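A short write-up of the structure that comes next.
2 protein chains.
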Amino acid sequence: MATQTAQFAPPGNWQELCDPIQPFLDEVSGCLQEEVRSFDPQIANFIQYALGSQGKQLRPALVALGARATGGLNPKHVHAAVIIEMVHLATLVHDDVVDGAEVRRSRPTLAAHWGNKVSVLAGDCLFAEALKLAAKLPSNEVCRLVSQSAKVVCTGEIRQTLHRGNFELSRTEYLELVQMKTAELFALACELGARFAVPENPEIHQALRDYGLKLGTAYQIYDDCLDVFGEENHAGKSLGTDLITGKATLPVIIALERADEIERKAWLAMLKDGEAQAGTIRERLLGQHIPASCCEVVEDYIQQANACVVELPAVESLRGLSDCLLRQLGALTD
Amino acid sequence: MATQTAQFAPPGNWQELCDPIQPFLDEVSGCLQEEVRSFDPQIANFIQYALGSQGKQLRPALVALGARATGGLNPKHVHAAVIIEMVHLATLVHDDVVDGAEVRRSRPTLAAHWGNKVSVLAGDCLFAEALKLAAKLPSNEVCRLVSQSAKVVCTGEIRQTLHRGNFELSRTEYLELVQMKTAELFALACELGARFAVPENPEIHQALRDYGLKLGTAYQIYDDCLDVFGEENHAGKSLGTDLITGKATLPVIIALERADEIERKAWLAMLKDGEAQAGTIRERLLGQHIPASCCEVVEDYIQQANACVVELPAVESLRGLSDCLLRQLGALTD
């Protein structure tokens, strides 16, 4: 069983992959820090705190790698990455309110620190500022794409909230939620990477968008598995929360798919009592080799992602990212 | 004392003022209803409910009156009004979460009906959709102005939240909060009315913006006074909530300004126990003729508003609005 768990926390080469784009990521970080000064001094500490929860800068990295795979980086990519990361951080602030989460990236959430009221409004401010930055670009394109993606992400979050406690969620509905709430911003990041690199090539924009959707789906499924099977001290956040808060994710969905009627009833009874039964549920999932089945699904999405960009001339950076995520996702609890 | 209270619920001629722009307001309402269909079917009922809480359509009316005062209505004004009303409704949804409000416009708030989680995310979806609509316009102008205003509004709301329980709030700080959280969207509505009517005349855009800021400040001060002095059955929402939730507004600020050191301590002791003392506080404020003093402040802002547009050729509609608000604000619990 230890071996199965280990599949979800392998060593990786994320840093190696980021080395060539590190100056870009540093510039994005610097711009986000600069952004704090654009807010009212009375609220700057909340914004600073929220912007300080950047993790591995996965979405900015996707902008950069998408750009390198298509036509090369230029200053517009920094602008796009700052916007997407700010939207992402805004959604995290609201997610933590909605989920009642107390820890993210090994420190108290904004909501745990300053309460839900400030967090709801600070998230709004971040989102408004992201759109304000988007409106500084000469065309309406980024405003349109960012607001569309934000709508999809939040819609996915509402649908997930409505399914809280529904462990009979179908795999199809689960995958749709994953695509909306996580993969959509991955797709946006990859697409903007391409749009600003090769503005006149809509096929490549679409290919990068599709790549991001598949990769983001793989990533979120993996993250969900980590919540069930991972080790808390590696994750930098509370684990097991999905079982406790009644969120059905792939491990449970697969177990229920395989169960006969009697087993199904037993599973549902256990899952209804997720808080008390989390340990037992985890053991049973491990005993049924569910982690391996989940990994197959993740790998399949990564292969689909790679297939989207196979015809691009400079595809190595994206392949490197896919492969890295495949080995590394356990460390990316973004 | 009854006479003083009556100052805050006079009969008015809002409907008369709206008659010439009623087709415009109906079109805006129709577009907002149509907008429901642009959302995911699983969340449409929340959006429908939130969009159904349009009150007197004050902000759309400001767009129309601003347009008529400057160069006349055109289809872009409907688009602008829908965007602003949607941003406004999004902020109401989040305000009700932040304030724990249970009733708005004589019906349960979205938060009271479906909980804070759905409300936070539904507000986000509305805001994202508003920006998406803004991005459909040919230039970036509306995206830029709307996101800037949204940032100001939410910043004002955070600052107000931080001052919860602080009854020693200065009049200057109070007026700044009022301007940020309410007058900003009034200013935006008036400004977009002018921008789409006379695109090439920045002086007029600025004059209309200034008019909206002053009028919006008057309106919010009046609404705050209504919360203290109004009659619940006319207001369509819970009253006295500011005293109960520790929000210092003009009546209390004036009372404290006038108090000597001993009276001040007595006031602060009463205000700290706002929930139990609300009735007594109200009686004392009435006894000190505070409503009349508040009305003077409101009237002064309305005069300042009128002064901003005095040189416009077709200023009657705006003057009508100012005068109407002056007589009518009690009925406008928007």
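Here the protein sequences line up with chains R and Y, keeping their order.
Going by our numbering, 136 is the number at position 135 of the first sequence; the sequence numbering is gapless.
Going by our numbering, 174 is the number at position 173 of the second sequence; the sequence numbering is gapless.
C-beta atoms are modelled at their ideal positions from N, C-alpha and C, and glycine is treated no differently.
All of these numbers come straight from a predicted model, not from anything done at the bench.
- Annotated three-state conformation of V316/Y is coil, per DSSP.
- From the beta-carbon of R172/Y, no residue of chain R is found nearer than 8 Å; the closest lies around 17 Å away.
- Judged by DSSP in its simplified three-state form, P42/Y adopts coil rather than helix or strand.
- L251/Y and C226/Y have their C-alpha atoms some 7 Å from each other.
- G213/R and L244/Y have their C-alpha atoms some 51 Å from each other.
- For L74/Y, the CB contacts under 7 Å within the same chain, skipping 5 residues up- and downstream, are F25, A65 and A68 in chain order.
- Separation of the CB atoms of L186/R and V143/R is rounded to 14 Å, and the pair is thereby denied contact status at 8 Å.
- Of all residues in the segment 152-185 of chain R, only K152, C155, T156, E158, I159, R160, T162 and L163 place a beta-carbon less than 7 Å from a beta-carbon of chain Y.
- Taking the CA atoms as reference points, S140/Y sits about 7 Å from S140/R.
- With 16 or more other CB atoms across the displayed protein chains lying within 10 angstroms of its CB, A219/Y is buried.
- As summarised for the segment 204-281 of chain Y, the continuous alpha helix (DSSP H) elements at least 4 residues long and confined to that stretch are 233-236, 242-246, 251-259 and 262-273, given in chain order.
- For P109/Y, the three-state secondary structure derived from DSSP is strand.
- The C-alpha of L138/R lies about 58 Å from the C-alpha of I263/Y.
- Contacts with chain Y at 9 Å (Cβ-Cβ) include V119/R.
- Rounded to the nearest angstrom, the gap between the Cα atoms of N14/Y and V37/R is 46 Å.
- Short of 8 Å from the beta carbon of H89/R, and not among the five residues preceding or following it, lie these beta carbons of its own chain, in chain order: R60 and L186.
- Taken in chain order, the whole alpha helix (DSSP H) runs of length 4 or more contained in the segment 90-148 of chain Y are 111-115 and 117-135.
- Look at the segment 170-202 of chain R and you find these whole runs of alpha helix (DSSP H), each 4 residues long or longer: 172-179 and 185-198.
- Scanning chain R for C-beta atoms nearer than 9 Å to the C-beta of V37/Y yields nothing, as the closest lies near 13 Å away.
- Identification of chain R residues near A123/Y by a Cβ-Cβ cut-off of 7 Å yields I159, ordered along the chain.
- The three-state secondary structure of K57/R, taken from DSSP, is coil.
- Taking the C-beta atoms as reference points, L178/R is found no nearer than 9 Å to R165/R.
- Taking one beta carbon from each stretch, the segment 263-274 of chain Y and the segment 189-207 of chain Y have fewer than 3 pairs nearer than 8 Å; the two do not touch.
- Neighbours of E130/Y across chain R, judged by C-beta separation under 7 Å: K152.
- One alpha carbon belongs to A51/R, the other to A123/R, and they sit about 8 Å apart.
- Close partners of A136/R in chain Y (Cβ separation under 7 Å): N141, C144, R145 and S148.
- Note that the C-beta distance between A62/Y and C126/Y is not below 9 Å.
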